[in-house]
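Start counting the sequence shown at 1; every next residue gets the next number (this note's numbering).
Have a look at the structure below, then the notes.
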Amino acid sequence: MLMKCVLNAALVAILGLGPSHALAGVKTSREDAHWITVWGAMPQLTEPANLPPPPFTVKISLKTSSLRLQISNAFGGSDLRLSAVSFALPANASTAGGSEIKPSTDRSLTFSGQSSFIVPKGALAVSDPFGISIDAESIVTISIYLEGGQVTNEITSHPGSRTTSWLIKGNHIRDTDLKGAVGVDHWYFISALEAEKPKKASTIAIVGDSLTDGRGSTTNANNRWPDQLLSRLQEKKPTSQIAILNQAAGGNRLLTDGLGPNGLGRLDRDVIAHSGVKHAIIFIGINDIGTTATESGPQAEITARITGGYQQAAIRLRRHGILVYGCTLMPAAAKGNTYGLPEREKARQTVNKWIRDSGIFDAVIDFDKMVRNPDKVDEILEEYDSGDGLHLNPAGYQAMADGINLRLFI
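Here it is, written out as structure tokens:
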């Protein structure tokens, strides 16, 4: 089974890009450089409805001349046997989700010097560094060939890719176009890309739910709010060396497992373990409120637990020198959405007041004020509503990105 993934990787700009060259097996670290994560997706156990057909593709956006790919078998039910992995630029660089590559950019990847590699159950594998010249916010492709296919239905993926991947039977690792492939809007096995960057370069990690994963955004357009924040960062020289690591998943909660592990439970793997993280944005909690019983007692309890969870996240992240920014929760009462029922709205307002006033965070990003209807503060503005009263459309996500003070990251 071949899986081709097209990624729009949020990579930072690089200085002095030279000709592409193979770096596998060669020590490339310099005293004036370090590895930072320039793209990532939150790994989780694949739900039965999201299991892959024969082969796939994913899309990322990044910028560098030296990269490493991270493969995750964190939720695999067995060892993951990689027969071959390759990396290339797409034939159409203007949009994500394509199945055709530029042959001259094709790179065969190795892991500890081996082109075939077994990733143990529950483990990660990081490729050897490889050379390729890539601009910031570029689209790239990753192809993975599994000669033995899937051994179990327990595999690691990111279902909310908002990017088309391509799957096809057989070894097509060297094909420039996957004709007859099946398209699916998920990523499988890939969990991060790292770039070797100057010491001043760093990464912003975002812990979130579907509002950060991009529900309501356009498939293959990369217009989630983290994508649009990256574009703003790239426009200013002082922030042009800052990458975005989007560690969000639809339905995710701060305190309870469900669609992926709970936010506190995945903090070490999804933020602390990544390279070069200097800032963390915590924007999660609305699903905790929205899935808790509407009576005042349960809502009061979940409110206290959420604020306590935020404190724990801040403590743990600061132990690693990471600045922590909290985000207010956005309204959800429009269109009759049950997340905005009175006791839940009261809980949201209580949590938001605590976020603004507690002093726990190094700064507060007030998404609530950016997108709410000033005449109906329990609703998002109609022009930002994707249609369900909770999730935003691309214009709403642009407003979120535009409302963030870039000085927070300098």
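Glycine included, every Cβ here is placed at the ideal spot set by N, Cα and C.
Just so you know, these numbers come straight off a predicted model, no measurement behind them.
When the Cα of residue i is compared with those of the options, which residue comes out closest?
i	options	result
I360	N337, G326, N393, E379	G326
G290	Y310, G260, G263, G251	G251
Y310	G170, A280, M330	A280
G98	S72, I139, G131	I139
I417	S240, V351, G403, I190	Only positions 1 to 410 of the chain appear in this structure, which leaves residue 417 out of reach.
S386	I306, D402, G214	G214
R81	K169, K121, A300	K121
L329	L341, G336, I322, K353	K353
G265	G208, T292, T303	G208
V371	A273, R305, N393	N393
P238	L259, K200, D257, I272	K200
T105	Q114, S83, F111, S133	S133
A91	V85, W39, K102	K102
D366	G258, S83, G403	G403
V277	A314, N405, I242	I242
A205	G336, P261, I272	I272
Y397	I380, L406, A74, Q70	I380
F75	V85, N153, D288	N153
W35	S127, S83, N262, V324	S127
L408	E382, V364, A395, N373	V364
D268	R319, G258, G170, Q234	R319
A334	S108, E382, L254, N262	E382
I144	A304, L109, G260	L109
W187	V377, N73, R68	N73
A192	G148, I286, V38, A293	V38
T294	S275, I306, E345, L323	E345
G194	L259, A33, N262	Correcting the residue identity first, residue 194 is Glu in this sequence and not Gly. Residue A33 is the option with its Cα nearest to E194.
Roughly how many whole angstroms lie between the Cα atoms of residue i and residue j?
i	j	result
E31	S78	39 Å
A347	G297	11 Å
T164	G183	6 Å
Q228	A401	6 Å
R232	A136	12 Å
R356	L245	24 Å
E196	I284	30 Å
S202	A88	24 Å
T338	Q349	16 Å
G180	I168	7 Å
Y384	H391	8 Å
T64	P198	11 Å
V151	D362	46 Å
I302	G40	30 Å
G389	Q299	20 Å
T95	T141	12 Å
L146	A84	7 Å
R316	G170	45 Å
L341	D288	14 Å
D270	G131	26 Å
F189	A123	11 Å
G336	D375	17 Å
S217	R305	30 Å
P129	A332	45 Å
V324	N405	14 Å
I322	I282	12 Å
A314	I286	18 Å
DSSP three-state label for residue i, please.
i	result
E31	coil
L392	strand
S108	strand
E137	coil
T37	strand
D434	Coverage of the chain is limited to positions 1 through 410, which leaves residue 434 absent and any answer about it impossible.
V6	Low confidence applies here, because V6 scores a pLDDT of 47, under 50, leaving its location unreliable; read the following figure in that light. Strand, per DSSP.
Q241	coil
P103	helix
P90	strand
D128	coil
L264	coil
L82	strand
S65	strand
S386	coil
F409	helix
F361	coil
A401	helix
F117	strand
R269	helix
May I ask you to check if the CB of residue i is nearer than 6 Å to at least one heavy atom of the ligand HEM?
i	result
R344	Ligands displayed in this structure: none; no statement on the ligand HEM is therefore possible.
Step through the CB atoms of chain B and report whether any lies within less than 7 Å of the CB of residue i.
i	result
T212	No chain B appears in this structure, which consists of one protein chain only.
### beta strand (DSSP E) segments (min. 3 residues) lying fully within the stretch 272-356
Listed in chain order, the complete beta strand (DSSP E) runs (minimum 3 residues) inside the stretch 272-356 are 277-283, 323-327.
### Task
Decide if the stretch 221-238 is in contact with the stretch 170-180; the criterion is three or more beta carbon pairs, one per stretch, under 8 Å apart.
Result no; under three Cβ-Cβ pairs closer than 8 Å.
### Message
Could you check whether the stretch 248-262 touches the stretch 196-214, counting it as contact only if at least three pairs of C-beta atoms, one from each stretch, sit closer than 8 Å?
### Response
Yes, they touch.
### Query
What beta strand (DSSP E) runs, 3 residues minimum, are completely inside the stretch 147-221?
Counting whole runs of 3 or more residues, the stretch 147-221 contains the beta strand (DSSP E) stretches 156-158, 165-168, 182-184, 190-198, 202-208.
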